[in-house]
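In what follows, a single structure is set out as structure tokens and then discussed.
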Amino acid sequence: MRLPRHLLLALLLAGPPGRAWVPNDCRAPSKAACNFVCDCPDCSDEAQCGYHGVSPAPGAPFACDFERDSCGWRDISTSGYRWLRDRAGATLEPLGPRSDHTLGTDLGWYTAVGTHRGKEASTAALRSPALRDAAPTCELRLWHHTATRDVAELRLELTHRAETLTLWQSSGPWGPGWQELVVATGRIRGDFWVTFSATRNATHRGTVALDDVVFRGCGLPTPQARCPLGYHHCGNMACVEPHQLCDGEDNCGDGSDEDTPTCRELEGLLGVTRERDGAGQGGYGPCRQPDPASPTGRHTATDFETGLGPWNHSEGWARNHSAGPRPPAWPRRDHSRNSAQGSFLVSVAEPSAPAVLSSPEFQASGPHNCSLIFYHYLHGSEGGCLQLFLQIQSPGSPQGPVLLRRRHGELGAAWVRDRVDIQSEHPFRILLTGHTGPGGVVSLDDLILSDHCQPVPEVSGSPLGLWAAAPWRQPSSLRPRDFCEPGHLSCGDLCVPPEQLCDFQQQCEGGEDEQDCGTTDFEPLTAGGWEDASVGRLQWGRLLAQESRGPGAGARRTAAGHFLALQRAWGQLAAEARVLTPPLGPSGPRCELHMAYYFQSHPQGFLALVVVEDSNRELVWQAPGSSQGWRMDRVLLGARRRPFRLEFVGLVDLDGPGRQGAGVDDVTLKDCSPVTATEKDSEVSCNFERDTCGWYTGHLTDAHWRRIQSHGPGYDHTTGRAQPGVPAAGYFLLLDPTDPPARGPGAHLLTQPQVPTAPQECLSFWYHLHGPQIGTLRLVLRREGEADTLLWSRTGTHGNHWHEAWATLHHQPGSGTKYQLLFEGSRDGYHGTMGLDDVALRPGPCWAPRRCSFEDSACGFSSGGQGLWTRQPNATGHAAWGPRADHTTGTAQGHYMVVDTSPQALPPGHVASLTSEEHQPLARPACLTFWYHLSLRNPGALQVHVGEAERQQVLSISAHGGSAWRLGSVDVQAERAWRVVFQAVAAGVEHSYIALDDLLLQDGPCPRPGGSPAAGPRAPL
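Sequential numbering from 40 applies to the sequence shown in the numbering used here.
Here's what the structure looks like:
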């Protein structure tokens, strides 16, 4: 499932304060148009620029939701395979998305390209208008929808001058529903275009759709007459923060923040350098904080365009560029020039050894820090790792390298800024090591040293031994012994393979294989395996409670404890902060996450928990609002396949008013073992008043079954309707209408594998289907290694009340094969409610229903003999045989059972049988009534047989009834299970038929025509 739309738009982009220095530039559209800055009071200079020309709030992103128009995006395709604005598959029906992303309904708009019907591969291209001057922080976010299992190449490109850069490219596979794509454009000078394209051939089906295109952080700062205290006044009169100076990026827009005079004057500005509260944890080493009084003056920048510069000691790093064929994960452009022609370093070392880059020997000048700004790129693999070590050259015995920074895993296809500040009394070297995971890449660019990193003259011609540390140090509890294969965990005599780590099943006697798997109080340095993966101005890290700006104590009410907190970071992007567990699973259906959290923010901030499975992201929890202290909560995770990861996502304005912040503590994963069975797992029968018994929700779609109290239908089936003055209080399961529509396989409600108690079992339940877009509810029997068996299905609205249904489960005697039951709800939209209640399972087959109108189904009747009984309406009015209207509704839309007795369908004297399921034994006599319709042309005879093991004929009707339905009835006495069989005996007349409707079994004998009970079969009226 994905993050909600309001999380995407809730982004903190507060620009520098100050008043405008120049008037609006509405009279100069060529300079002011489409530059991500509202120069006109009404923002008309930004209209039709690929986004709506009205920014929702100062500093908020520019977005296009396609609700009003296409925002200037235009199709530039050269074939019939083209983009068009559409909604709810109106044009591309039935292959288009059922709902847009903005509104989440069938009324919302998006832009899409349909099925390609040509014989050759074709590309549909959608291009933005000409845009101008993107800031270094510019990000493009959009949501795309591609049919599951549909093969297509999607590509996002940026054209600037004579160069076209591929920002993103993928051939899938993609998960169900809308998927988010985030790319960083980097600094673009002058005009540029963005193009989204889809390439297919004639064998591919389905559509590709786009929605909610957002440009975030793309506008350059505007000129100001006066800058806030501590800010730098650029040459073009814009204002930038001091940490943006001399960092290898043009933040001013005219390059003046990177020129030599500015870097020399940096000393006075560093007095307002932002503090880093709690930096050094959560993936960041124990680094010194910037000295507010320390100047950094002249900087030494290495962009690798002509060589390694002072970083001339390298093993396993190669200088490269993006032009020409490259592995898919490699950077498409460098950071320095934002071009495919620019150069960068990439790790090419063997997996068994790290790539190592060493600086010369430095000495921090005086009391000042030596600072290093560097840009890194980790993409394509969860196993990639970049580490920065400090090798101190003390006069005594040499010291081992000290880890200052560690970035690990998938950080996305973007160059990420970082900075370390080093204070050392002794000379030192800086070591950067890269370890590339399978299919991934680790790259470096733009290493910028402050002038307080004073080189120490080399004593000898050879560098100090480059290597004294492993490239990727696992926690000691997980470090394998030599006799195990790489990646395996050694515990005792066991070598635990990677796929059995964090699988919620303890292999090691001491539980080492289940350590650092998410459960933690954040006191250990390993933080329970949670690792920061942030790329922006915020990060997650361990923080001592007494040092926080939040509650001042951890969840255990002690200031000495640690918790996981949002903190400032050196990244240049405005992205939300992310922290993830290692790969987990598989998990069982009762798996829950328990936690304590605090969250204080203005309305645009958020704190959420996401489950990441392959390329799918499912939001499973979000903080409901700001809290003054710690709160406890728990989140149902349910049964999930391996591997999945848990991710906390947070965004707050730490520079905003008040004590804004977010933290997490005391995280526990509970009841997550997939093999631990409990008594509750066998509880299929359930009225949902206490809990969901042995039923659990699946997680393959965005829509979920939820246990709620007296909502939707207005009352549950168990306790019934509310009485005057007494509200309804019963519980039932609802397919939540506020969720997105169930996509793909539908929203699942499942049992654990069950052991059959008899060769046949009966499942009964009550269902509620009401609304114009209610969709379909199915009941499926599932056995491992076999195709699913559909037991029952209903589609469309069935009125605003509860209905009972049954299904018989058939098992192979003596096989012992376990089975699962699955309710699958697939909605067509948002209008309507789908509910379940009072599920019951008992041994033996289901009894035939006492009432049947044939409106919903055939009620378990089966057709046999030489002819075929059919359930049908006559809605078209052109049925070849059968009554024009049913008896139940009296309309052509109503259903009944009918058999064609024409000679070609049923030869003369041949019989077509309609047999019920078994009826429950009767404690006293009962009356079975039914309505029949015989055609005007002689159809033959309708015979009724009732009995237990041996059936006997109790009624025969041969006279036609004209154009009306007629009532028939038979008395039934049965001490054991019994069936009723309706037989049509054909007379061989063309255009003849026999129909049945509205069967009803009532207690007591059938009444005589005069009003007294009859002693035997009753003749038809």
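Every residue gets a Cβ at the ideal spot worked out from N, C-alpha and C, and that includes glycine.
This structure is a prediction, so every number in the text was calculated from the model and none was measured.
- Note on the stretch 966-1004: whole beta strand (DSSP E) runs with a minimum of 3 residues are 979-986 and 990-996, in chain order.
- In the DSSP assignment, Trp1017 falls outside any beta strand (DSSP E) and carries neither an H nor an E.
- Met634 is classed as buried because its beta carbon has at least 16 other beta carbons within 10 Å across all chains shown.
- Exclusion of the five residues before and after Ala647 leaves Leu42, Leu46, Leu658, Trp660, Gln661, Ala662, Phe687, Val688 and Gly689 as the residues of its chain whose Cβ lies within less than 8 angstroms of its Cβ.
- About 7 angstroms separates the CB atoms of Tyr149 and Asp125; that is less than 8 angstroms, so the two are in contact.
- Relative to the Cα of Ser361, the nearest Cα in the group Pro349, Tyr120 and Leu384 belongs to Leu384.
- Boundaries of the beta strand (DSSP E) harbouring Gln748: Trp744 to Gln748, taken from the DSSP string.
- Shown here for Glu1014: same chain residues with a beta carbon closer than 6 angstroms to its own, the five before and five after excluded, namely Pro960 in chain order.
- If you look at Leu170, you'll find it in the beta strand (DSSP E) that goes Leu170 to Ala173.
- The beta carbon of Thr472 sits closer than 6 angstroms to the beta carbons of Pro393, Val395, Gln426 and Pro510 from its chain, once the five residues preceding and following it are set aside; these are given in chain order.
- With a threshold of 16 other beta carbon atoms within 10 Å, Asn351 falls short and is exposed.
- Going by C-alpha positions, Gly921 is about 41 angstroms away from Ser724.
- Straight-line measurement puts the Cα of Gly348 at about 11 angstroms from the Cα of Ser397.
- The Cβ neighbour count for Asn655, taken over all protein chains shown within 10 Å, is at least 16; the residue is labelled buried.
- With 16 or more other CB atoms across the displayed protein chains lying within 10 angstroms of its CB, His474 is buried.
- For Gln812, no beta strand (DSSP E) encloses it, and the DSSP letter there is neither H nor E.
- Looking at the DSSP output, Met276 sits in no beta bridge, so it has no partner there.
- Contact annotation, Tyr806 with Leu860: C-beta distance approximately 14 angstroms; criterion of less than 8 angstroms not satisfied.
- With a cut-off of 8 angstroms on Cβ pairs, the stretch 664-677 is not in contact with the stretch 225-238, counting fewer than three such pairs.
- Secondary-structure assignment with DSSP links Trp122 through a beta bridge to Val152.
- Lys719 carries a helical assignment under DSSP once its states are collapsed to helix, strand and coil.
- In the DSSP assignment, no residue is bridged to Ala584.
- Within the same chain, and ignoring the five residues on either side of Cys556 in sequence, the residues whose Cβ sits closer than 6 angstroms to its Cβ are Cys541 and Gly568.
- For the pair Gly853 and Pro888, the Cα-to-Cα distance works out to about 29 angstroms.
- Contact between Val937 and Gln1022 is absent: CB atoms are separated by about 14 angstroms, not below the 8 angstroms threshold.
- Listed as beta-bridge partners of Phe343 by DSSP are no residues whatsoever.
- The C-beta distance from Gln578 to Gly644 rounds to 15 angstroms, too long to fall under 8 angstroms, and the pair is not in contact.
- With fewer than three CB-CB distances shorter than 8 angstroms, the stretch 196-216 does not count as touching the stretch 277-290.
- Less than 8 angstroms separates the beta-carbon of Leu973 from that of Ile1033.
- In this structure Phe543 touches Ser712 by the C-beta definition: roughly 5 angstroms separates them, less than 8 angstroms.
- 8 angstroms or more divides the Cβ of Asp457 from the Cβ of Arg468.
- Note on geometry: alpha-carbon atoms of Gly1027 and Ser1002 lie some 20 angstroms from one another.
- Contact annotation: the stretch 162-169 touches the stretch 107-123, with at least three C-beta pairs closer than 8 angstroms.
- Of the residues Phe727, Ala340 and Ile227, the one whose Cα lies closest to the Cα of Gly292 is Ile227.
- Counting other Cβ atoms within 10 Å of its Cβ, Met873 reaches 16 or more and is therefore classed as buried.
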